[in-house]
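So the protein sequences, as listed, match chains S and C.
Mind the numbering: the first sequence is residues 6 to 263 in the numbering used here, read in order.
Mind the numbering: the second sequence is residues 71 to 317 in the numbering used here, read in order.
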Amino acid sequence: MNKSNRITDMLLPVISVMFVLALWWFASSQNDVLAGPVETLERFIELIEHPKMGIPLYVHVLSSFYRIMVAFIFASVIGVSLGVAFGVLPTFKRIMWPVFSILRPLPPLAWIPLIVLWVGTSGDASKIIIIFIGIVMAVIINTFAGISHTDEMLLDAGRTLGASKWQILTDITLPNSIPVILAGLKTGLSTGWMSLVAAEMMVVDNGIGFLINDSMQYYDTALDFVGIILVALSSSLLTLLLNLLERRLCPWLYLQSK
Amino acid sequence: MALPSVKIEISKLSKSYETKKGVVRVLDDVSFSVYENEFLVILGPGQCGKTVLLNTIADIEQPDSGSVSFNGDSSVGFVFQRYALFNWKTVIKNVETPLRYRGASAEECTATARKYLDLVGLKDFESAYPAQLSGGMKQRVAIARAYTSGSDTIIMDEPFGALDAQTRYQMEEEVLKLRKTEKATVIFVTNNIEEAIYLGDRILLFSDKPSHIVNEFVPELPRPRNRTSPEFMALRDEITAQMDLSL
Ligand SMILES: Nc1ncnc2c1ncn2[C@@H]1O[C@H](COP(=O)(O)OP(=O)(O)O)[C@@H](O)[C@H]1O
Ligand SMILES: [Mg+2]
Chain S
6 MNKSNRITDM LLPVISVMFV LALWWFASSQ NDVLAGPVET LERFIELIEH PKMGIPLYVH
66 VLSSFYRIMV AFIFASVIGV SLGVAFGVLP TFKRIMWPVF SILRPLPPLA WIPLIVLWVG
126 TSGDASKIII IFIGIVMAVI INTFAGISHT DEMLLDAGRT LGASKWQILT DITLPNSIPV
186 ILAGLKTGLS TGWMSLVAAE MMVVDNGIGF LINDSMQYYD TALDFVGIIL VALSSSLLTL
246 LLNLLERRLC PWLYLQSK
Chain C
71 MALPSVKIEI SKLSKSYETK KGVVRVLDDV SFSVYENEFL VILGPGQCGK TVLLNTIADI
131 EQPDSGSVSF NGDSSVGFVF QRYALFNWKT VIKNVETPLR YRGASAEECT ATARKYLDLV
191 GLKDFESAYP AQLSGGMKQR VAIARAYTSG SDTIIMDEPF GALDAQTRYQ MEEEVLKLRK
251 TEKATVIFVT NNIEEAIYLG DRILLFSDKP SHIVNEFVPE LPRPRNRTSP EFMALRDEIT
311 AQMDLSL
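Right, here's the structure in full:
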């Protein structure tokens, strides 16, 4: 890549973000209810100085982070295990796949009443379970796809090299599927954020979703924008961490080919 | 000289596939012997069933009828047409794979893998990934990996088919060089007549499918063989004529 190309590459995102900010500012100047970028920033500072109901802003953000991380870890472990089971155990797949196919397209929020009945509204459990449901489906699907679409030739190579069934799975099928599994984790994470905000809006006590819900009750659009920007920044941060993890786990995907 | 002993006895192999266009008969009652430590070339037109035959010998596929029996160790080191390297492993990790599967110690893995990488001229590339290598180098890795498995039978399925002529000649030399140091029975498949004559102790010419053996050739040419000698060219013409006839 030459130098002017690299500068363009760095400038373009800045320009597009500026453009959106300008549009936002323009729209808000035409409208009394809609807060603009400046009001949002002021609201943000005010929120830090005068926490809503005595809960500091960072507590909302950390609560949301905590819930999504716990849900994400459980969803990764359970999702990868179920995806592998679907991929390598034909009988399990025959029995469970229909059930999974029925559950998969359901919106995670549809479970809220049941989950609230089961674990109650207080504490993190209800929200974590809803976020978990949001994440785990993509992880299962991608793991299964990665495992079952492994190039037959690689499996044959493994067998002629003396691999046992277990070695084929752990040394060939799984590592070969890591990029697809990671893609599933990324997709799952974005569904996870959607479920998080929705869950926190419906089962209210704190978190970014709680702030957004609060903004609705008081027509506080500046607060809504604070929430939106916090979600955007937090999810970008987690995606960035996943990308770094991918670079560590899959160095072969980031090579200059000869 | 003692009679050569048989390493693999292939007897009456037949194989058909169900396809949309009906049943395709690929192997038609194929029988032959492979002798201990010979370099056997299987020569046949594209799509005639060479890969199916090799897969059957390596126990990757099962025949409809017939049998493959080995005298002694029945494991094979297999070099695939499309490399079949593990992209997520470095070159040395690829090569030591068969030893790791067997539970060999880390030192043994590294030492043996280095030995074969050195033999195929890749000792400076042990920490590269397959994606960083040229086609010829990838196939060198695959050959080293096949030898590392320690099997006394090595099967190569059109290993140089995707390489340019120059690289192909280099690779043919590599394979012959390995023959000098490593005792093994080699079955080498190609659709290239010149390559067959240059390499083979014995050549089995296969027909188009349903595939059967058309003829056997034993090139009585001193090594290193000279591709431009009259004897070489005469044999090439003879095989070409028979190959055309069988199509
Ligand atoms: N799994 C399969 N299913 C259906 N047809 C197959 C299968 N494997 C091989 N064949 C057919 O067998 C024939 C021979 O294939 P192959 O052994 O790969 O030929 P080649 O001599 O080029 O190695 C081809 O016509 C191919 O279509
Ligand atoms: Mg083939």
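The beta carbon of each residue, even a glycine, is placed where N, CA and C say it ideally should be.
Amino acids of chain C, ordered along the chain, whose beta-carbon sits closer than 9 Å to that of residue i
i: Asp-37 (chain S); result: Chain C residues near Asp-37 (chain S): none, gap ~58 Å exceeds 9 Å.
Contacts of residue i in chain S (Cβ-Cβ under 7 Å)
i: Val-146 (chain C); result: Thr-165
i: Pro-168 (chain C); result: Leu-166 and Gly-167
Which of helix, strand or coil DSSP assigns to residue i
i: Val-85 (chain S); result: helix
i: Ala-184 (chain C); result: According to the sequence displayed, residue 184 (chain C) carries Arg and not Ala. It is helical.
i: Glu-286 (chain C); result: strand
i: Lys-77 (chain C); result: strand
i: Phe-102 (chain C); result: strand
i: Arg-99 (chain S); result: helix
i: Glu-108 (chain C); result: coil
i: Phe-91 (chain S); result: helix
i: Cys-253 (chain C); result: Position check: residue 253 (chain C) holds Lys in this sequence, whereas Cys was assumed. Residue state, collapsed to three classes: coil.
i: Met-58 (chain S); result: coil
i: Val-141 (chain S); result: helix
i: Glu-44 (chain S); result: helix
i: Asp-129 (chain C); result: coil
i: Leu-254 (chain S); result: helix
Neighbouring residues, chain S, relative to residue i (Cβ below 9 Å)
i: Ile-257 (chain C); result: What Ile-257 (chain C) touches in chain S: nothing, since even the nearest Cβ is about 13 Å away.
9 Å Cβ cutoff, residue i in contact with chain C
i: Ser-153 (chain S); result: no
i: Ser-262 (chain S); result: Legend: pLDDT at Ser-262 (chain S) = 49, less than 50; position of this residue unreliable, value from coordinates given subsequently. Yes, its Cβ sits closer than 9 Å to a Cβ of chain C.
i: Ala-162 (chain S); result: yes
i: Pro-118 (chain S); result: no
i: Leu-190 (chain S); result: no
i: Trp-257 (chain S); result: yes
i: Leu-159 (chain S); result: yes
Inter-residue spacing [alpha-carbon to alpha-carbon] between residue i and residue j
i: Val-75 (chain S); j: Val-66 (chain S); result: 14 Å
i: Arg-295 (chain C); j: Ala-162 (chain S); result: 32 Å
i: Lys-263 (chain S); j: Ala-201 (chain C); result: Since pLDDT at Lys-263 (chain S) reaches only 44, below the 50 mark, its modelled position is unreliable, and no value is offered.
i: Tyr-217 (chain C); j: Ser-240 (chain S); result: 49 Å
i: Ile-53 (chain S); j: Ile-152 (chain S); result: 48 Å
i: Gly-139 (chain S); j: Gly-193 (chain S); result: 7 Å
i: Phe-102 (chain C); j: Lys-120 (chain C); result: 14 Å
i: Val-22 (chain S); j: Thr-45 (chain S); result: 16 Å
i: Ser-34 (chain S); j: Ile-60 (chain S); result: 31 Å
i: Val-25 (chain S); j: Ala-40 (chain S); result: 14 Å
i: Leu-260 (chain S); j: Thr-160 (chain C); result: 12 Å
i: Glu-308 (chain C); j: Phe-287 (chain C); result: 10 Å
Amino acids of chain C, ordered along the chain, whose beta-carbon sits closer than 8 Å to that of residue i
i: Asp-225 (chain S); result: Ordered by position in chain C, no residue passes the 8 Å Cβ test against Asp-225 (chain S), which lies about 50 Å from the chain.
i: Asn-181 (chain S); result: Phe-156, Asn-157 and Trp-158
i: Ile-177 (chain S); result: Phe-156
i: Gln-172 (chain S); result: Tyr-171
Chain S contact for residue i (CB, 9 Å cutoff)
i: Thr-89 (chain C); result: no
i: Phe-102 (chain C); result: no
i: Pro-133 (chain C); result: no
i: Arg-249 (chain C); result: no
i: Gln-312 (chain C); result: no
i: Gln-236 (chain C); result: no
i: Pro-229 (chain C); result: no
i: Pro-289 (chain C); result: no
i: Asn-141 (chain C); result: no
i: Asn-107 (chain C); result: no
Within chain S, the residues that residue i reaches when beta carbons sit closer than 8 Å
i: Ser-219 (chain C); result: Thr-165, Leu-166 and Gly-167
Contact list for residue i against chain C, beta-carbon separation under 7 Å
i: Ile-186 (chain S); result: By Cβ distance, chain C contributes nothing, its closest Cβ being about 12 Å from Ile-186 (chain S), past 7 Å.
Nearest-angstrom beta carbon gap, residue j and residue i [assumed within contact, 8 Å]
i: Leu-269 (chain C); j: Phe-140 (chain C); result: Their Cβ separation, rounded to whole angstroms, is 23 Å, which puts Leu-269 (chain C) and Phe-140 (chain C) out of contact at 8 Å.
Checklist entry - Relative to ligand 4, what is the chain-ordered list of residues with a Cβ closer than 5 Å to any of its non-hydrogen atoms? => result As for ligand 4, it is missing from this structure, which binds only ligand 1 and ligand 2.
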